[in-house]
Structure formats: structure tokens, C-alpha cells
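Be aware that the sequence shown starts at 20, since it is given in the numbering used here, and climbs by one per residue.
A virtual CB, placed ideally from N, CA and C, is assigned to each residue, including glycine.
As C-alpha cells, the structure follows; a few thoughts come after it.
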Amino acid sequence: MALLIKFLLFLSLFVLNEAINPPTAVLDLSEKFLDVKDEGMWFVEFYAPWCAHCKRLHPVWDQVGHALADSDLPIRVGKVDCTRFTLVANKLGIQGYPTIIFFRNGHTIDYRGGRDKESLISFAKRCAAPIIESVKENELEKLKLSARTQPSFVFFGESTGPLFDAFNEAANSKFSVARFYSIAPKDASFRPRVVVLKDNAEVEFNQKDISDLTNWVARERWPGFVQASSSNLAEIGASGKLVVLVVSSETQKFNTTSPIHHFHKIAEEASKEIRKMPEVWDRFQFAWLDGPDLASQIQMATVSEPHLFIFNYTSYEYYLSEDEPSQMTVKSIVTLLKQNAESIDKGTVIALGVPGRHLLTRVKRMAFELYWNVAQMFATQPLLSSCLFGVPIAFLSIICYSICSADFTVDRDEFYGEDEEEEEELIDEEEGEETDHVDTEDDHEKAD
Ligand SMILES: *[C@@H]1O[C@H](CO)[C@@H](O)[C@H](O)[C@H]1NC(C)=O
Ligand SMILES: *[C@@H]1O[C@H](CO)[C@@H](O)[C@H](O)[C@H]1NC(C)=O
């Protein structure tokens with residue numbers, strides 16, 4: 020029956036491939052997709068025929084189609100050639116290829132993970148799961164255990180009323196990043212409430228402003244001391260909290276004699292400590308970085324681990340502590356955060372780092388990143404980098420040297436060689452004057 024419906028859908032809505040194409044579980048979608056995308060669940064790849072990544076994805080995508088067709092989930096898998104159906108690409112704001120989007124009753128979730136079959140299928144299954152899973156009261160302990168790795172949001176109470184509606188709304192907009200459960204307690208006098216389970220603890224949503232619940236979920240969706248990297252820092256920053264970035268090191272994290280280990284522990288303790296202080300907890304999210312690269316790029320300066328700074332992802336500003344990391348304690352970190360929050364409110368704190376969106380800053384940042392990457396190359400691959408940069412530089416130097424040492428300046432002395440003493444040969448002109456004495460003696464007087 021399901022197959023028949025699928026077939027009818029296929030016939031009525033989609034451009035049929037020519038019969039020579041092998042059967043596939045992936046639907047070739049056309050502009051008509053825009054009419055049906057809000058109905059049910061779709062998992063769609065947007066591609067361009069010339070894109071190499073798309074070509075590599077196609078066989079995987081076919082497998083994903085088959086796997087999801089075999090599962091009993093009501094997910095339809097499709098693909099859209101964006102060069103043919105540009106209207107679809109424009110309407111959905113497709114920027115690059117391939118773009119993979121899950122559509123769930125009009126809500127969209129962009130896929131950003133690896134392009135292998137397993138990741139894609141598990142993502143689709145997660146997206147298709149009931150948004151709010153109803154569990155029994157005695158299953159709470161099991162939930163708490165699984166929430167150690169991924170925070171879970173739990174609604175306690177009957178599934179009615181404004182708080183539940185707000186919870187439902189939050190779950191609808193955040194279901195791809197967190198898990199939502201509801202527990203209907205047997206005890207009727209139970210007070211409806213929403214909590215987040217994470218890090219072996221429970222934090223309750225303060226119900227003063229119920230409409231803030233979705234934002235609260237965004238703020239609380241990360242574990243208390245999460246590992247940050249360039250791929251998730253933007254999302255952590257989008258939580259609306261300032262990020263307390265701890266520069267640590269994966270390899271030294273468990274080395275009990277290393278100062279990095281010691282510092283990592285202190286920071287972790289501090290991240291737990293602030294749970295008891297709502298005014299601090301609401302504003303700061305702890306995260307740690309493996310190695311100093313990202314921190315150095317943010318600060319545009321060389322950072323060495325261990326290190327701690329407060330970072331505002333929105334403005335790319337950061338705040339440093341006056342204390343050396345080696346002097347910091349749990350207490351001093353908590354005090355630092357409190358003071359930082361207060362002075363931001365008063366406007367007395369001076370943020371370091373220029374807001375990252377200006378053109379000049381971007382150019383500066385690019386220059387720094389170039390410098391940083393070259394420096395990193397030398398640090399990690401000294402020999403190779405030396406050859407890579409050394410050989411051209413050596414050639415350049417030789418060329419420069421030759422140019423400089425061969426003197427082309429027009430120097431009069433050189434041009435003429437040695438001073439030629441102008442030996443003016445004085446030729447004595449001996450002019451022999453022949454004076455013809457013509458005696459004209461006309462004394463021939465004829466005297467008579
Ligand atoms: C980050 O900086 C921007 C701009 O100065 C500000 O509007 C925003 O509130 C700051 N974010 C946090 C979490 O304080
Ligand atoms: C552990 O830390 C110490 C002190 O910094 C260091 O000398 C040692 O090499 C580290 N051990 C490992 C396995 O990295």
C-alpha cells in the first residue's frame with residue numbers, strides 16, 4: 020500500500036526519469052517541490068551537475084535513499100538539480116553545492132556533518148524522531164545517564180497549558196540540536212516545570228518569562244565545559260552567552276604532572292561552580308580548545324597553553340584576565356567572571372580586539388592568519404618549510420646580490436677608465452720663412 024502511494028506521488032509530482040535509468044529510491048524533484056515541501060518529511064540534496072563534491076555524494080545519496088526507504092520512517096529522499104530548477108534554489112536560498120536539508124512540516128534543518136552514509140542516515144533518523152518523546156517517571160534516571168553527553172530538556176507536567184506550549188515551540192525550533200522529553204507525573208499536585216539535564220546535574224528554567232524558553236534552550240544546549248573548534252565555535256557563540264575559552268591540549272589533558280592538566284581541572288571546576296550563581300551562569304559558557312591555534316587567530320597574537328579568555332563571538336571582542344594562568348584558582352576565575360559581567364553592564368570594561376566585521380580588521384586578520392600559518396608550518400615541518408621558502412628566497416637573494424654587486428651606475432670615472440692625461444704634444448711649428456730679398460735696386464740712374 021505504502022509503495023503504491025509512493026508510486027502515485029512519484030507519477031503525479033515529479034519529473035520522471037527516462038526508463039533507462041536504473042530504479043532509485045531518490046526522487047528527482049522539480050519546481051513542484053516548492054508546493055509540497057511543508058508537508059511531511061523530506062531529506063533533499065541540492066546539487067549542480069558540474070560540482071565534483073556532488074558527484075562523489077550521488078552514490079552515497081542513493082544508498083541513503085534505499086536505507087531510509089527500507090526503514091519504516093515516513094521520510095522522502097530527493098534531489099534537486101539547481102541548474103535546471105533555479106527557482107527552487109533561489110526560493111530556498113541555496114548558496115553552495117551540495118546543500119543537504121531536512122524538511123519537517125515546514126521547519127528546515129541544514130545538514131553540516133560528514134557526507135558518509137552512516138552520518139546522513141543517523142541525522143535523518145534524529146530529525147524524524149518524535150520531537151517531544153513522552154517517557155515514564157521511572158525512566159528519568161536512564162535519561163540522566165544519557166544526558167551526560169548531550170543535554171536533554173524535560174518537561175514535567177500535563178501536556179497542556181502555556182508552559183507546555185512554549186516547550187513545544189522550543190522543541191520545534193531546536194529539535195535538531197537537542198532532545199526533548201515530557202514526563203507526566205502521577206502526583207496531581209506536581210508543579211509544571213522545565214529542566215535541562217546535563218553534566219550530571221539539573222538546571223531549572225526560571226519561569227518569569229515563558230516566551231524566553233526557546234532562547235533559554237539555545238543557551239543551555241551545550242554541556243557545561245564543551246570542546247570548541249573552528250567548526251562549532253560559531254554555534255556556541257550563537258548561544259547568546261559569552262564564551263569562556265580555555266586553551267588546553269587534548270594530549271596533556273590527562274597528564275597529571277602537566278600544568279595544562281592542572282589548569283584544565285581548575286577551569287572545569289569553575290564551570291561547575293557557576294551553576295549555583297544564576298547571574299553568572301546565564302551569561303557565560305565554558306569551552307576548551309585543543310591547542311592554541313584558534314585562540315591565537317582570535318587574538319591575532321601568539322597564545323600559549325594553558326590560557327583563558329572571555330570571548331564575544333558576535334563582536335569578535337575578547338577580555339583577558341590580569342592574572343597569569345598559573346596563578347588562577349577556581350575562586351579567582353569565578354570572581355573574574357562576576358567582575359567582567361558587572362563591568363560590561365557598567366560599560367567600564369575595555370574589550371580587546373577590534374570588532375571583527377570591518378574591512379580593515381578583516382585584512383589584518385587575513386594577514387595575521389597568513390603569518391600564523393607560515394609560522395605553524397615552520398614549527399611543525401621545519402625542513403619542508405625551509406625548502407619551500409628557503410629555495411625561492413635563496414634564489415631571490417642571489418639575484419639581488421648579483422644586481423647589487425654589478426655596478427651599473429654611470430660613474431664618470433669608471434666610464435672613462437683611467438684619467439687620460441692629455442698629453443698635448445706641442446708641436447713646434449718651425450716655420451721656415453723664406454724671405455726673398457729682392458733687391459730692387461733701381462739705381463740705375465742714367466746720368467748723362
Ligand atoms: C557581544 O557584543 C555585542 C556588540 O558589542 C553585544 O551587542 C552583545 O550583547 C555581546 N554579547 C554578549 C553575549 O555579551
Ligand atoms: C607530562 O607533563 C610533563 C610536564 O609538563 C612533561 O614533561 C611530560 O613530557 C608530559 N608527558 C607526556 C606524555 O606528554
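Determine contact between the stretch 72-87 and the stretch 123-130, defined as no fewer than three beta-carbon pairs at a distance below 8 Å.
-> In short, these stretches do not touch, since the Cβ pair count stays below three.
Using only the heavy atoms of ligand 1, determine whether one of them is closer than 7 Å to the beta carbon of residue 336.
-> yes
In whole angstroms, what separates the C-alpha of residue 120 from that of residue 94?
-> So the two alpha carbons sit approximately 12 Å from each other.
From residue 167 to residue 181, what distance separates their C-alpha atoms?
-> 29 Å
Nearest candidate by alpha-carbon position, reference residue 281, set 250, 344, 317 and 332 | 344
For residue 308, is the classification buried or exposed, using 16 other Cβ atoms within 10 angstroms of its Cβ as the cut-off for buried?
-> By the Cβ-count criterion, residue 308 is buried, with 16 or more other Cβ atoms from all chains shown falling within 10 Å of its own Cβ.
Looking at residue 260 and ligand 1, is the gap between the Cβ and the nearest heavy atom below 7 Å?
-> yes
What is the DSSP secondary structure of residue 358, counted as helix, strand or coil?
-> DSSP places residue 358 in helix when its eight states are reduced to three.
Separation of residue 386 from residue 434, as counted between CA atoms | With a pLDDT of only 43 at residue 434, under the threshold of 50, the placement of this residue in the model should not be trusted, and no figure is reported.
For residue 268 versus residue 313, is the C-beta distance shorter than 8 Å?
-> The Cβ-Cβ distance between residue 268 and residue 313 does not fall below 8 Å.
So what does DSSP say about residue 186, is it helix, strand or coil?
-> helix
Tell me whether the beta-carbon of residue 337 lies closer than 8 Å to the beta-carbon of residue 370.
-> yes
Helix, strand or coil for residue 127 per DSSP?
-> strand
Pick helix, strand or coil for residue 471, following the three-state DSSP scheme.
-> In this structure the chain extends from 20 to 467, so residue 471 is not present and cannot be described.
Name all residues in chain order for which at least one heavy atom of ligand 2 lies closer than 7 Å to the residue's CB.
-> 270, 271, 274, 276, 277 and 278
If you check the beta carbons only, do residue 203 and residue 150 fall under 8 Å apart?
-> no
Determine the DSSP secondary structure at residue 60, reduced to helix, strand or coil.
-> strand
Looking only at DSSP bridge pairs, what is residue 97 linked to?
-> 46 and 63
When the Cα atoms are used, what is the spatial distance from residue 137 to residue 144?
-> 11 Å
Compute the Euclidean distance between the alpha carbons of residue 381 and residue 161, then round it to the nearest angstrom.
-> 48 Å
Nearest to residue 199 by CA position, among 406, 278 and 183, is which residue?
-> Taking only the C-alpha atoms, the option nearest residue 199 is 183.
Is the distance from the Cβ of residue 255 to the Cβ of residue 197 below 8 Å?
-> No, the pair does not count as a contact, with Cβ atoms beyond the cut-off.
Complete runs of the alpha helix (DSSP H) confined to the stretch 248-295 [at least 4 residues] | 252-256 and 278-292
Assigned exposure category for residue 279 - 16 Cβ within 10 Å defines buried | buried
According to DSSP, is residue 418 helix, strand or coil?
-> helix
Counterpart residues of residue 337 in DSSP-defined beta bridges | Per DSSP, 330 and 371.
From the DSSP output, in three-state form, read off residue 92 for me.
-> coil
Boundaries of the alpha helix (DSSP H) in which residue 136 is found, first to last residue | 136-147
May I ask you to check if the CB of residue 333 is nearer than 7 Å to at least one heavy atom of ligand 4?
-> Absence of ligand 4 is noted for the structure shown, with ligand 1 and ligand 2 being the only ligands found.
Taking residue 294 and residue 222 to be in contact with their CB atoms under 8 Å, please state how far apart those CB atoms are, rounded to whole angstroms.
-> 7 Å
Backbone secondary structure at residue 308 - three-state DSSP = strand
Is it right to say residue 123 is buried, meaning 16 or more other beta carbons lie within 10 angstroms of its own, or is it exposed?
-> buried
Quick one, which of 355, 323, 284 and 228 has its alpha-carbon nearest residue 299's?
-> It is 355 whose Cα lies nearest to the Cα of residue 299.
With DSSP collapsed to three states, give me the class of residue 102.
-> Three-state result, residue 102: coil.
Element boundaries [alpha helix (DSSP H), containing residue 52] | 52-55
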